[in-house]
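These protein sequences, in sequence, are chains A and B. Going by the working numbering, the final residue of the first sequence carries number 141, and the count climbs one at a time with no gaps. Going by the working numbering, the final residue of the second sequence carries number 1544, and the count climbs one at a time with no gaps. The beta-carbon is built from N, C-alpha and C at its ideal position, and this holds for glycine as well. Report on one structure; see the data block that follows.
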Amino acid sequence: MVFQKMLRILIAKPGLDGHDRGAKVVARALSNAGMEVIYSGLHQTPELIVHTAIDEDVDAIGLSILSGAHNTIFPRIMRLLEEKDVRDILVFGGGSIPRKDWPPLQALGVGRIFLPGTDTREIVAYLNEALLERKPDKGAA
Amino acid sequence: MNHNEHEDGKVDPYAGLDPVVNMSGLEIEPLYGPDVFEETDFARDMGRPGEYPFVRGVYPTMYRGRPWTIRQLMSLGPPQECNQRIHHLVNMGATGISLCLDMPTIMGRDSDDPMAEGEVGRCGGVAIDTIQDMRDLLAGLDLSKISINFVSNSQSTVILAMFCALGLELGTDWELLSGTMQNDILKEYQAQKSYYFPPEPSVRLILDTIAFCTRNLPKFNPISISGYHLASAGATPIQELAFTLSNGFYYVEKAIEAGLDIDEFAPRLSFFFKAHNDFFENVAKFRAARRIWARTMKEKFGARNPASWRFRVHTQTSGSSLTAQQMENNIIRTTVQALSAVMAGTQSLHTNAHDEALSIPTERSEKLALRTQQILLYESGAASTIDPLAGSYYVEALTQRMEAECEDIFRTIADMGGVVAGIEKGYFQREIAESAFRYQESLERGERVVVGLNRYVEEEETEIQLREVDPDFEKNKIAALKAFKEQRDPEQIRKRAEELRSVCESGENVMPVLIRAVQEGMTLGESVAQMKDVFGVYREQAIF
């Protein structure tokens, strides 16, 4: 058996939007899949989210946005991470985010975006794959 | 045919059947029979429509006397555009309107607040900063004729103040203003999460609006105690039923403690339920709610006015049941849910548009949703007689069962010290998150079938269409707000702010002061900021 270092994931709810059902279900599913999950709670500013991510030394930030403010919030998070010279935290997301908005966000370095109705096992598989690629020292061999 | 067969040594035809569990987790028998009425005293337990305990409906003639209100929920970011859409819906036959607010307004912030950036006029809500926005929003409507429902919670005192101030400007007598303020803060802490003040001052503000409306706006419902959002966040129908009623009882207790006369305020308390997929479970939920509410209001709280015993309810079909996959299937889901609400005796109804899983509805889908109700009303025969499902073995058995389960949940809440203690301990939030997760799990395991989502799946690429908000709207709104603020008398605003703080501190009713303040031009964000200064803000512990 290979000793496995747990993946640490921050699930965050930025902005004023209080729709937290999806964020909580995903947090729970990731946690059940053996990841260490930090859930930010509601109404977080991008600054606070980035601060928490660095403080908690997470491998990924999952942003849940259903307010339509994704084109404001993702770029700000990416810029803040860059300003802090953080390059090893994966940012991904979910919510009501139209596909046509994905390419510009992904050009900024945002990872996958999941739509409502996604099977949580798909998110688990994505994180395992994406993060193990980034950090070969983590996860099962 | 009944269950006796196996006692005669015959084979029980139901013995080998797979168990069926409804959304509340209650096991459903394959067959129900007359034994469900063994302990029923029909006069005592069911009564006639319009009579205690109101199981069969809150009015004697129900839809034979007056159809349910076809109340469609809508909103557009800019107040002027939203106004045009209201007129459009009224012209198509809507008899009531529900208005959503944008996230900044919901969170008590003006369009120029830094936290509002990127959210102004989005999320299918109208942006209300000032009395001018209220004027633009309701321009050209006869407020004595159309009933307006504001989907407004933490900021309800301010929205109500603007509405009353507009009534004064238009010369519409307050006594004629009809409509509803959602104004149910408990479910915000439990599920929807748009709170800012702590529970105690929040509830006090609600009592202020109840007292104010009781005295001044007799046709206006100052609160709509809502299970819909609990269910959207994941609560099962039984949790929706029990949590909503216990929230309702909490407001009643507090209003009595504040010295209000139950038989003056209780007749204007109203409710809001979700109509979910399971047709019969839904019907039973409404019937159980009416009986529990009537009995508790009469026997526990001692209300004497029969109007205080009536559980009047608005219903919305289930947004969370809509799938982004094979979207047209949602038309059928909505129709079945709407029919169940009608068969359950709702007072008003919103039907969702089928594209809502992916977008704010288009005019076309919105119209189809409205027409669904009209077809049910005029073509289906569901409105031909009063309470057509009464006496169904299954419906009555399920109603009794839900009522009993509900009493168990009431005891759990009482044991932990009541509703607010339950919120502070995270009980409701945990229960709801747990149900949401269990539901997701049952879908992923295929235990619960949703057509097009986990069975009969087709390859398709769905696209979310957020209704395009004019990219300049936010900028223009901020500029208009700036111009509005500049033409105010700053000295007046300062005085009104002081007055507001002073009544918040003293416990006097905030409404008269707030009405003067918004007339003077105080903004929603400024009003809320004054109140936050006095009341503080609430932070929840994040649980998942």
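Identification of residues in the stretch 16-30 of chain A having a C-beta nearer than 7 Å to some C-beta of chain B yields Leu16, Asp17, Gly18, Asp20, Arg21, Lys24, Val25, Ala27 and Arg28, given in sequence order.
For A/Thr72 and B/Leu1177, the gap between their C-alpha atoms comes out near 40 Å.
Beta-bridge annotation (DSSP): B/Leu1269 is paired with B/Ile1223.
A Cβ-Cβ distance of about 5 Å is found for the pair B/Ile1210 and B/Phe1265, placing them in contact under the 8 Å criterion. Around B/Ser1194, the beta-carbon contacts reaching into chain A at under 7 Å are Gly18. The beta carbon of B/Leu1076 sits closer than 6 Å to the beta carbons of Cys1082 and Arg1085 from its chain, once the five residues preceding and following it are set aside; these are given in chain order. Three or more beta-carbon pairs separated by less than 8 Å link the stretch 1157-1164 of chain B to the stretch 1492-1512 of chain B, which places the two stretches in contact. If the five residues before and after B/Gly1248 are omitted, its C-beta is found closer than 6 Å to the C-beta atoms of Ile1225, all from its own chain and listed in chain order. DSSP places B/Thr1214 inside the alpha helix (DSSP H), whose first and last residues are Pro1199 to Asn1216. Cα atoms of B/Asp1387 and B/Val1313: separation of roughly 15 Å, rounded to the nearest angstrom. Apart from the 5 residues on each side of it in sequence, B/Asp1113 sits with its Cβ closer than 8 Å to the Cβ of Pro1104 and Gly1525 in its chain, given in chain order. For B/Glu1081, the enclosing alpha helix (DSSP H) covers residues Pro1079 to Asn1091.
Short of 6 Å from the beta carbon of B/Asp1133, and not among the five residues preceding or following it, lie these beta carbons of its own chain, in chain order: Pro1079.
For the stretch 1069-1082 of chain B, the set of positions with a beta-carbon nearer than 7 Å to some beta-carbon of chain A is empty.
Among the residues of the stretch 1453-1466 of chain B, those with a Cβ less than 8 Å away from any Cβ of chain A are Leu1453, Glu1461, Thr1462, Glu1463, Ile1464, Gln1465 and Leu1466, in the order of the chain.
Note: B/Ile1028 is bridge-paired with B/Val1020 in the DSSP secondary-structure output. Within chain B, the residues Glu1461, Thr1462, Glu1463 and Ile1464 have their CB atoms less than 9 Å from the CB of A/Arg99, given in chain order. For the options B/His1354, B/Arg1401, B/Asp1208 and B/Ala1341, the alpha carbon positioned closest to that of B/Ile1238 is the one of B/Arg1401.
Per DSSP, reduced to three states, the secondary structure at B/His1354 is coil, with no helix or strand assignment. Chain-order list of chain A residues neighbouring B/Ala1324: Leu115, Pro116 and Gly117, by C-beta distance under 9 Å.
Spatial neighbours of A/Leu105 in its own chain (CB-CB distance under 6 Å, excluding positions within 5 residues in sequence) are listed in chain order as Phe74. Close partners of B/Pro1104 in chain A (Cβ separation under 7 Å): Leu16.
Judged by DSSP in its simplified three-state form, A/Ser64 adopts strand. In the DSSP assignment, A/Gly93 falls within the beta strand (DSSP E) that extends over Leu90 to Gly95. With its beta carbon less than 8 Å from one in chain A, B/Phe1544 belongs to the interface. Between the stretch 1255-1262 of chain B and the stretch 1270-1281 of chain B, the count of C-beta pairs closer than 8 Å stays below three; the two stretches do not touch. For B/His1229, the enclosing alpha helix (DSSP H) has its first and last residue at Tyr1228 to Ser1232.
Counting only unbroken stretches of 3 or more residues, no beta strand (DSSP E) element lies wholly within the stretch 1501-1535 of chain B. For B/Cys1100, the secondary structure class from DSSP, reduced to helix, strand or coil, is strand. Contact check for B/Met1115 and B/Ser1156: beta-carbon distance about 20 Å, past the 8 Å limit, so the pair fails to qualify. What B/Gly1319 touches in chain A, judged by beta-carbon distance under 9 Å, is nothing: the nearest beta carbon there is about 11 Å away. Counting only the Cα atoms, B/Tyr1439 lies some 12 Å from B/Ser1232.
Straight-line measurement puts the Cα of B/Ser1321 at about 12 Å from the Cα of B/Val1336. Boundaries of the alpha helix (DSSP H) harbouring B/Leu1170: Ser1156 to Leu1170, taken from the DSSP string.
Counting every other CB atom within 10 Å of its CB across the protein chains shown gives B/Phe1286 a total of 16 or more, marking it as buried. At a cut-off of 8 Å between beta carbons, B/Phe1437 contacts chain A.
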